[in-house]
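Protein chains: 2
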Amino acid sequence: MNHASAGGDPGKSATDAGLAFRRHDHSHCCGGLIARADALAAERGLKLTPVRRRALEILLEEHRAVGAYEVLERLAGEGFGNKPPVAYRALDFLVENGMAHRIARLNAFMACMHPGDDHTPMVMICRACRSVAEAPAEPVAAAVEGSAAAAGFAVEGTVVEALGLCSACLARGEG
Amino acid sequence: MNHASAGGDPGKSATDAGLAFRRHDHSHCCGGLIARADALAAERGLKLTPVRRRALEILLEEHRAVGAYEVLERLAGEGFGNKPPVAYRALDFLVENGMAHRIARLNAFMACMHPGDDHTPMVMICRACRSVAEAPAEPVAAAVEGSAAAAGFAVEGTVVEALGLCSACLARGEG
DNA sequence: TGGTTCATGTTATAGTATCACATTTCTCTT
DNA sequence: AAGAGAAATGTGATACTATAACATGAACCA
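In order, the protein sequences belong to chains A and B.
Numbered according to numbering that gives the first Met the number 0, the first sequence spans residues 0 to 174.
Numbered according to numbering that gives the first Met the number 0, the second sequence spans residues 0 to 174.
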């Protein structure tokens, strides 16, 4: 198997975990996810406007964290505005609607591989190749919830990021 | 700095979880932690120099995330340099040596309440009162490790932050 | 005592993010 | 179809966060 299906079945996150770290049919996985974003927008009455859509495509084209200013540069090169709010607004829209994630540790963004699934993402950041992938986070979310509950804290959102080495870089004998 | 608790007794973190959110003898908890930092530095041959010590005190005086520039302002007011590297170097030292934590989501810093324990912190950030507290993160670290292992990812460090409402703000009927 | 290392200080600059306001586009209602 | 209101986009200005590069000074120890 070298590509991802766009479906949202629960078994999928386990299958796709670390997808970015493996070889796969990239144009197919991008196309599928754009289609899924379109469907999602239609479903929910959201407007996936040209800037927003293009911003998502830019994130999808890389399987890595991309800075807002890098997205901005590419948008500007295609005729959109070239001021920071252009990129930040598009990215914020994508994040708020579950089509992308913000990676706090890197002050950067990545496309979500399971848009629509209401998941708390856990992201893995490879320090050698800089690629970023999502992993299933339900067990992590449960643990966070448990620890927080013990302190009487009501969790509304989480940031869970693992830093280390991806399988490919480990295999190549990095660090 | 890695997870895998090094030897702080497990009962302690549970007891202290959410301390910042409760009433407590603040000057006592600060003094104790400065003493602990001194001991730690002596033990490990680290130099808790005046800037570093003062930076730690500043973090301890607030039970909240403090930005580097706010620390800098206070340091400068006390005769230390007033350029960003002064604050960043002191804060980096504290973070590297487990005396403070960086909060990625806020681009800010907080004093560690368990210096010396080699823990991966989980921090809880209250959106209403902006206070920040640590919670035991061993179960979370284990879950992160598990999800990462399934993707062949070798975890070297983690960022785990929960956003929401602390017990005090919940009791006061916030949002 | 001279050299090495580490800590501090400074200048300059890079990178990230938001505010405030003008203009356009969309949408709904009448 | 016209107009009011809301949403989206564009722009200028600015605030906030962080690091690079290099100079000076203090501590350590052979």
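Here a beta-carbon is modelled for each residue, glycine too, at the ideal position from N, C-alpha and C.
Do we get a CB-CB distance below 8 Å when we pair residue 145/B with the residues of chain A?
yes
Counting along the chain, where does the alpha helix (DSSP H) carrying residue 25/B start and finish?
25-43
Counting only beta-carbon atoms, is residue 114/A nearer than 8 Å to chain B?
Under the 8 Å criterion on CB atoms, residue 114/A is classed as non-interfacial with respect to chain B.
Rounded to whole angstroms, what's the CA-CA distance from residue 127/B to residue 141/B? Just pull it up for me.
Using only the alpha carbons, I get a separation of about 30 Å.
Under DSSP, the beta strand (DSSP E) around residue 60/A begins and ends at which residues?
Residue 60/A -> not in any beta strand (DSSP E); alpha helix (DSSP H) instead, spanning 49-60.
On the CB-based measure, 16 or more other CB atoms within 10 Å of its CB, does residue 35/A come out buried or exposed?
buried
So if DSSP puts residue 157/A in a beta bridge, which residue, or which two residues, is it bridged to?
161/B
Quick check on DSSP: helix, strand or coil for residue 79/B?
coil
Taking C-beta pairs closer than 8 Å, name the residues in chain A that residue 157/B reaches, listed in chain order.
159, 160, 161, 162
Cβ closer than 7 Å: which chain B residues qualify as neighbours of residue 104/A?
Per Cβ cutoff of 7 Å: 103, 158.
What is the C-beta distance between residue 65/B and residue 92/B, in whole angstroms, given that I count them as a contact (C-beta under 8 Å)?
Actually they are not in contact, since the Cβ atoms of residue 65/B and residue 92/B sit about 16 Å apart, beyond 8 Å.
Identify the residues that DSSP records as bridge partners of residue 130/A: which are they?
63/A
Only counting the same chain, and skipping five residues up and downstream in sequence, which positions put a Cβ closer than 7 Å to that of residue 60/B?
29
Assess contact between the stretch 128-136 of chain B and the stretch 79-99 of chain B, defined as three or more Cβ pairs (one per stretch) separated by less than 8 Å. Is contact present?
no
Quick check: is the beta carbon of residue 123/A nearer than 8 Å to any beta carbon in chain B?
yes
When DSSP builds the beta bridges, which residues end up paired with residue 107/B?
102/B
What's the C-alpha gap between residue 63/B and residue 114/B?
16 Å
Rank 46/B, 162/B, 48/B, 110/B by C-alpha distance to the C-alpha of residue 124/B and give the top, closest one.
162/B
Identify the continuous beta strand (DSSP E) that holds residue 123/B and give its terminal residues.
121-125 is the extent of the beta strand (DSSP E) around residue 123/B.
Check whether the Cβ atoms of residue 50/B and residue 89/B sit closer than 8 Å, and answer yes or no.
yes
Cβ atoms of residue 172/A and residue 150/B: under 8 Å apart, would you say?
no
Would residue 154/B and residue 144/B be called neighbours here (beta carbons separated by less than 8 Å)?
yes
Report the CB separation of residue 165/B from residue 152/A in whole angstroms; it is logged as a contact under 8 Å.
6 Å
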